[in-house]
Amino acid sequence: MLSIGSDVGLDREISALTSMSGSGVSSELVIRAEAPDNGATYRCEASNAATFKPLSASIKLSVFYISDLVTIKLKPKYPKSGDVLNMICDSGACNPMCEVFWYKNGIKIESKLYEEVIESSAPFGGKNSRSGLKLDITTKDDENHIYCETVNQVLGKRSGANITLSVLFKPQFVAPPQQKYDVIEGEDISTAFRCSTYQTQQQRCLMQLQLIANTDDNTN
């Protein structure tokens, strides 16, 4: 008989392939190991008419795995230019504990970690890794890509999560607004003003043209 249980004694009998080998009997169990199998105890029992109680042998599984449920949380959720953005990356349950790495636009970040990897308990006997990253937000961070990578060195496997930053900021002229143009009297002039800002479907960069100075050198 084969049974599966845990340290708390919750046994469940399972079927396996049993065959005769000479004067003995052998039983083979094939399983596909999953994260919930980590820490499970498998016990094989053998008995016949001559045994007072079944003879048994057991083995406890240690399953290595990595989570694909990596998450990144932002505080504040909608950063503005000038804010200090705190980001927390959670690896999810891993066995053994995963290492955590941060990347910004594909470049590894090491100098701005405010919270090194912290270990905490996770389901199925695994460990959760958490790492914090702090960024001083400017308008240049808008649409930057942040990637949190988790690595299980024993398995040689990686997982991760990525976000694209959306930074709120006031309209900014792409070119200096106080430019001077030389114009010949009687000729037309065409000029373009362009500004950038955080845009949604409801927000646009609005501009108003106004004559702010008129210098006349002909005085009587």
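Counting from -14, one number per residue, gives the positions in the sequence shown under this note's numbering. Glycine is no exception: its CB is placed at the ideal position from the N, C-alpha and C atoms.
Could you tell me which residues DSSP puts in a beta bridge with Ala34?
-> Answer is none; Ala34 lacks a bridge partner.
Rounded separation between Gly171 and Thr124 - CA only | 41 Å
Given Gly47, which residues of its chain have a CB within under 8 Å of its CB, disregarding the five upstream and five downstream residues?
-> The question names Gly, but residue 47 is Ser in the sequence shown. Within the same chain, Ser47 has close Cβ partners Asn23, Gly24, Asn80.
Is Cys133 close to chain B, meaning its C-beta is less than 8 Å from at least one C-beta of that chain?
-> As a matter of chain content, chain B is missing from the structure shown, which is built from one protein chain.
At what residue ranges does the stretch 112 to 136 contain a whole run of the beta strand (DSSP E), taking only runs of 3 or more?
-> 112 to 121
Going along the chain, which residues of its own chain have a beta-carbon closer than 6 Å to the beta-carbon of Ala31, five neighbours each way excluded?
-> Leu40
Below 8 Å between beta carbons: does that hold for Ile73 and Gly117?
-> yes
Please confirm whether Ile51 and Ser144 have their CB atoms less than 8 Å apart.
-> yes
Ends of the beta strand (DSSP E) at Glu(-2)?
-> -3 to -1
Would the beta-carbon of Leu59 fall within 8 Å of that of Gly77?
-> no
Pairwise C-alpha distance: Phe109 and Pro21 = 5 Å
CB-CB length for Cys133 against Ile57, believed under 8 Å = 5 Å
In this structure, does DSSP put Asp75 in helix, strand or coil?
-> strand
By Cβ distance, which residues of its chain are closer than 7 Å to Cys29, with the 5 residues on each side in sequence left out?
-> Leu(-13), Ser12, Ser41, Ala42
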